[in-house]
Amino acid sequence: MDTRPIGVFDTGLGGLTAVRVLRRILPEEDLIYFGDTARVPYGGRSRETLLKYARQDLRFLRSFDLKAVLIACGTVSTTSLDVLQAENDLPVIGVVEPACRRALAVTKNRRVGMIATLASVRSGAYEAALRRLDPGVEVLGHPCPLFVPLVENGRVHPGDVVIETVAREYLEPLLEWGCDTLILGCTHYPLLEEILAGICGPGVTLVSAGEECAFELKRLLSAQGLRAPEDRRGTAEFYVSDQAEDFEEAASLFLAEDIHHMARRIDIDQY
Ligand code: DGL
């Protein structure tokens, strides 16, 4: 039994897709969330910059006495996971493997599409993990660089002509190619789930990297005896690196939980 909190981070709102599942499947756990809203989006940045930012994000989170860290960001997971795991003496998990395992469990035609940020697609990490788990699988990855800024600006509602147009253009090559499973390899994308599902139709199963990593974390905590007692109610603290109000508004809606006046701003340059 271990009541220390779990650290979760992303560049902004995306990691909340993991938090929402964690609150449901591990309600007894305390969570410390950090969204690097001052520097979002990460997706077009170089590996060196991503590693520098990710180290700072983790250093901030580790100012708390954590029992595990969930990198609820596809971009950091695809480019920096190994280094962060090697540098930290606590369990650090990312989103890639859990999403790939789920995709392989649901695909029938073994054609798996993957959408993510430019940095994630360039890294080839999802393809590598899928092929390692199933050498016969076919994979097509496609970057969607406009999705994160649109999500961060609240353009997530079906019927919004801007996001619908962009999404159709991004998904077209994958749908023409004939995938029956689509990995949402960036944790912001499940906030667009309704729109993406509408465009893909019922023949394509969407796999959320943000959600699958939460299940993976639960397995890991159980296996290592790190779970908190089930008779307690966990808390959640939210930190951001820029003004908190917009984050609180969007996060309250997405989590269906009022977090107004709860997010605190920190200076990430100090870490
Ligand atoms: N949620 C992050 C991811 O999963 C978004 C990256 C970004 O800020 O571009 O990749």
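Using the numbering used here, the letters of the sequence shown map in sequence onto residues 139 to 409. Glycine included, each C-beta is placed from N, C-alpha and C at the ideal position. Source: prediction; values computed, not measured.
- Runs of the beta strand (DSSP E) lying entirely within the stretch 230 to 292, each at least 3 residues long, are 249 to 254 and 276 to 281 in chain order.
- Taking 8 Å as the cut-off, the beta carbon of Gly181 is found closer than this to the beta carbon of Leu256.
- In the three-state DSSP reduction, Ser390 falls in the helix class (H, G or I).
- The closest CA to that of Asp203, considering only Thr319, Thr149, Arg142 and Thr373, is found on Arg142.
- Here the residues close to the ligand DGL, judged by CB distance below 6 Å to any of its heavy atoms, are Asp148, Thr149, Gly152, Val178, Pro179, Tyr180, Gly181, Cys211, Gly212, Thr213, Thr255, Ser258, Val286, Cys324, Thr325 and His326 in chain order.
- Look at the beta carbons and you see the stretch 368 to 377 touching the stretch 158 to 169: at least three pairs across the two are nearer than 8 Å.
- The Cβ-Cβ distance between Val286 and Pro179 falls below 8 Å.
- Note on geometry: alpha-carbon atoms of Pro311 and Gly212 lie some 21 Å from one another.
- Rounded to the nearest whole angstrom, the C-alpha separation of Ala156 and Leu219 is 17 Å.
- Met139 counts as exposed, since fewer than 16 other C-beta atoms from the protein chains shown sit within 10 angstroms of its C-beta.
- Sequence-distant Cβ neighbours of Met400 in its own chain, meaning closer than 7 Å and more than five residues away, are Phe376 and Glu386.
- Within 10 angstroms of the beta-carbon of Asp227 lie fewer than 16 other beta-carbons, which makes it exposed.
- Three or more beta-carbon pairs drawn from the stretch 233 to 251 and the stretch 269 to 279 are found closer than 8 Å, and the two stretches are therefore classed as touching.
- Ile406 sits close to Ala176, with the two beta carbons spaced by under 8 Å.
- Proximity to Val289 across Thr325, Gly316 and Gly279 peaks at Thr325, based on C-alpha coordinates.
- Phe147 and Phe172 have their C-alpha atoms some 5 Å from each other.
- Counting only unbroken stretches of 3 or more residues, the beta strand (DSSP E) elements lying wholly within the stretch 305 to 373 are 319 to 322 and 343 to 346, in sequence order.
- With three or more CB-CB distances shorter than 8 Å, the stretch 345 to 363 counts as touching the stretch 229 to 241.
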